[in-house]
Each structure stands twice: as C-alpha cells, then as structure tokens.
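Written out below as structure tokens is the structure these notes cover.
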Amino acid sequence: MKEKYTQYYKEIGLKIAYYRKLKGYSQMKFAEMIDVSRTHLSNIEAPNKPTSISLDLLFKISEILDIEVKNFFEFTK
Numbered sequence: 002m003k004e005k006y007t008q009y010y011k012e013i014g015l016k017i018a019y020y021r022k023l024k025g026y027s028q029m030k031f032a033e034m035i036d037v038s039r040t041h042l043s044n045i046e047a048p049n050k051p052t053s054i055s056l057d058l059l060f061k062i063s064e065i066l067d068i069e070v071k072n073f074f075e076f077t078k
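Residues 2 to 78 in our numbering are what the sequence shown spells out, letter by letter.
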C-alpha cells in the first residue's frame, strides 16, 4: 500500500464501521455476511492499522449496508 493513500484507507475503514454500527451489526455478524473473517474486518475498520480492501468487497459491503459506494470515497481534506 502506498503511504500517501494510508489516510484514505483509514477513512474508508472508519466509514464501514460507522455504517455497520448504524445497521446494528456486530463485527462477527457482518464479517459472516460479507464472507471475511472477523479479524480481517477488524483490521479494515481499525484506524491505527490501515488495511487495503478490494473493490469487489467494497461493492458487497455497500450493497449489504444499502449505502451508495460513493459515500466511502467522500474524504476529508
């Protein structure tokens, strides 16, 4: 992962956690829904450990959370 994109991965992860919690899903339940391990989901959501995510997985997440995928790409400056 390029260091210059680290902040973007952090923000995407935090948004995933935010929308997941709005829907009332635990990490374990949501990880099962998107077919990843709870540990991997935890790594994606953790702001201190930016983890890359595939577009396929992000599309699946946005579909399950009923959120437009573009919402994950509205970054702070």
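A virtual CB, placed ideally from N, CA and C, is assigned to each residue, including glycine. Quantities reported herein were computed from a predicted structural model and do not represent experimental measurements.
A direct Cα-Cα distance of roughly 6 angstroms separates Thr7 from Pro51. If the five residues before and after Gln28 are omitted, its C-beta is found closer than 7 angstroms to the C-beta atoms of Arg39, Leu42 and Ser43, all from its own chain and listed in chain order. Rounded to the nearest whole angstrom, the CA to CA distance from Asp67 to Arg21 is 10 angstroms.
Taking the Cα positions, Ala32 is about 19 angstroms away from Asn49. Judged by beta-carbon spacing, Tyr10 lies within the 8 angstroms limit of Ser53, meaning their Cβ atoms are closer than that value.
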